[in-house]
DNA sequence: GATGAGCGC
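In UniProt numbering, the protein residues as written are 1 to 288.
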């Protein structure tokens, strides 16, 4: 095997002999494509234009595939026919372009109709929070008179109060009266000892704040961990709104306060995911 | 170290 000794000029030299490259184009390890363009602006000055874009489908490759596809000979019922669509059997529609954008939002400017709608709403003061019970400036769920007014506002159709236990809204309401489902907790006083004792069944659950959890701890992980002590009513993992990455804390609500207490004592200071759990009673989320 | 989202016109 003789070594090739022909003094060939390097291909790179060939490139150098050409005029200055007009563009540079490369894709880095993050999939970010950088295009550097050299141009001469209107002042006659040489400028360098750098564009950094996220790599996407390369148009040239797609078009090449399409062009190649067009050369395929026909098969099936169309076998032997000439290339290209037969207008007798095929409808050619217009090209449809798929435009991808971030955040499930259109990259097109908002239709002006929507803007005017928003403006109108804002002007009319719609969307303002008005309590259905006391017309106050808060959600009904947060109404301070919720307990006393809820029964008055949502009184079930009268008639069968005597039976005491037949208050289920099973029968459709009479025409005119809105047939609304009344949750058990809102059906007024059914007497002590009924299943849902107390007022708010959701907001005053015994809740533990768990901190020092790893950022990829999921709700289910905590449910598994704390579920061994008793019924877990709710788990919330604090996450960054943008990235969804855990912020290292969570709330675990139990059905039973004694269970929560025991769970706290058993898990506080315990190792979990190579971290030491910190488990405390949570503060109420907001003023009630 | 850290204290929640969403409901609703």
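Even glycine gets a Cβ: it sits at the ideal position worked out from N, Cα and C.
Within the model, the alpha-carbon separation for residue 257 versus residue 206 is close to 5 Å. Your pair residue 275 and residue 214 checks out as a contact, with CB atoms roughly 6 Å apart and the cut at 8 Å.
The alpha-carbon separation between residue 255 and residue 229 amounts to approximately 11 Å. With distances taken between CA atoms, residue 219 lies nearest to 237 out of 237, 84 and 248. In this structure residue 73 is exposed. Its beta-carbon is surrounded by fewer than 16 other beta-carbon atoms within 10 angstroms. At the C-beta level, residue 232 and residue 223 come within 7 Å of one another.
For the pair residue 133 and residue 204, the Cα-to-Cα distance works out to about 21 Å.
Taking the CA atoms as reference points, residue 68 sits about 18 Å from residue 80. Ranked by Cα distance from residue 265, the first of 251, 281 and 86 is 281. DSSP places residue 226 in the helix class (H, G or I) of the three-state scheme. Note that the C-beta distance between residue 263 and residue 226 is below 7 Å.
When secondary structure is reduced to three states using DSSP, residue 209 falls in the strand class.
Under the three-state reduction of DSSP output, residue 262 falls in the helix class. A check of alpha carbon separations from residue 212 across 88, 271 and 77 identifies 271 as the nearest.
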